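Some notes on the structure that comes next.
Residue numbers (this note's numbering): 199 to 594.
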């Protein structure tokens, strides 16, 4: 899947909304800290104004939590132990838990928790509000931070697995495309080699007719035979390396091959309602593509929707070959294309490559009635008949 094809993953909050939330949270912490300093007589500093200044100073270092969480946690922890300022140390311990190792987070939380849990120390520094909030409340930022960190790690792990899966799918798609291109090249090699061999053969037969053929025509035939032979050699040199150890593939399918595919599917248990036109007279590449599309459609229908009948139509006109295969989706919601009736299998990747090579159009997916539909349209090249070139006067 390319970057443009990836689904858009929308964040829960946009950057402006996130900034607004952070500002509101910071303002809440400042208000609560200053209010506690002005209304509660706690800590070593007895003056409410001085306590408010200390509270503002502790809140002022909180924006550095992302860059220096350990230092901020140490400062706010000291503010809590000496001035009983609880909210700044909450934020700092949470930041340490999220952005630093768990050992550091547990150590800093313990460094703040142990003295606050010691009764004589609380009396020494005048921490009456800790009696209202058990010391275990200091474990709240640690627990929340560990949960947020685990969620972040899980999200990152899933994102990496998704990237690896997408990379593997892209690699497999590319391998399928390369294999299909090699198969097309092998088929074209066999077809063109067959045609060129016939051309060389018949040209040689005409050359050996002797006096029945005028001299200028014999010269043209000799040039045609030599050029065809060289073209055949070049074709074999270029595409012969693509042959595998299984030997050459068959030549272009005949007109009887589509009924044979239908009969094979019916023997396998798939009822096919076929309406197919004769493919005779079409170019070899078009016949090969039509045969491969029908074969893939019937195979996928038999694989993903067993027992469901298939409606197959192959209509041949003067300029196009239209192929349509549709069937009901299977019990598991699968159609002829894969799960959910819409995912493209790797056989369809090869079909798409073959259709694209012929400048055709391919579409697969569910129709409005829930049936899975595969449609392909292949253009049939038209070769106009040209007048033969006028030879020299002796050839007239």
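No residue lacks a Cβ here, since even glycine has one placed at the ideal position from N, Cα and C.
Because the structure is a prediction, the values reported are computed rather than measured.
query                                                                                                                        : result
Residues of its chain near residue 337, where Cβ-Cβ distance is below 8 Å and the 5 sequence neighbours each way are ignored : 307 and 311
Candidates 397, 414 and 412, of which the one nearest residue 424 by Cα                                                      : 397
Burial state of residue 295, where buried means 16 or more other Cβ atoms lie within 10 Å                                    : buried
Cβ neighbour criterion (16 or more within 10 Å) applied to residue 367                                                       : exposed
Residue from 550, 275, 577 and 470 with nearest C-alpha to residue 484                                                       : 577
Which listed residue (293, 493 and 474) has its alpha carbon closest to that of residue 515                                  : 474
For residue 577, the residue or residues it bridges with in DSSP                                                             : 518
Of the listed residues 556, 555 and 521, nearest to residue 562 (C-alpha basis)                                              : 521
Start and end residues, beta strand (DSSP E) containing residue 472                                                          : 470-474
Helix, strand or coil at residue 564 [DSSP, three-state]                                                                     : strand
Proximity winner among 507, 278 and 342, relative to residue 293 (alpha-carbon distances)                                    : 342
Among 214, 277 and 217, nearest to residue 241 - alpha-carbon criterion                                                      : 277
Entirely enclosed beta strand (DSSP E) segments - the region 228-282, minimum 3 residues                                     : none
Own chain residues within Cβ distance below 6 Å of residue 213, not counting five before or after                            : none
Cα-Cα separation, residue 575 to residue 358                                                                                 : 39 Å
For residue 287, the first and last residue of its enclosing alpha helix (DSSP H)                                            : 284-297
Separation of residue 370 from residue 298, as counted between CA atoms                                                      : 39 Å
C-alpha distance - residue 570 paired with residue 354, whole-angstrom precision                                             : 36 Å
Residue 523 - DSSP class collapsed to helix/strand/coil                                                                      : strand
Alpha carbon of residue 556 to alpha carbon of residue 412, nearest angstrom                                                 : 41 Å
Terminal residues of the alpha helix (DSSP H) in which residue 311 lies                                                      : 300-315
Rounded Cβ spacing between residue 549 and residue 490 (contact assumed at less than 8 Å)                                    : 6 Å
Top-ranked residue by Cα proximity to residue 551, from 372, 313 and 347                                                     : 372
Proximity below 8 Å, CB of residue 291 to CB of residue 216                                                                  : no
Close-in-space but distant-in-sequence residues of the same chain around residue 275 (CB under 6 Å, 5 per side omitted)      : 287 and 310
Alpha-carbon spacing of residue 254 relative to residue 283, whole angstroms                                                 : 10 Å
Completely contained alpha helix (DSSP H) runs for the region 467-512, where each covers 4 or more residues                  : 482-502
Residue range of the unbroken alpha helix (DSSP H) whose run includes residue 457                                            : 455-465
C-beta atoms of residue 325 and residue 315 nearer than 8 Å                                                                  : no
Residue from 279, 304, 344 and 285 whose Cα sits closest to the Cα of residue 318                                            : 279
Cβ distance (whole Å) where residue 496 is taken to contact residue 477 below 8 Å                                            : Contact doesn't hold; Cβ gap of about 16 Å is too wide.
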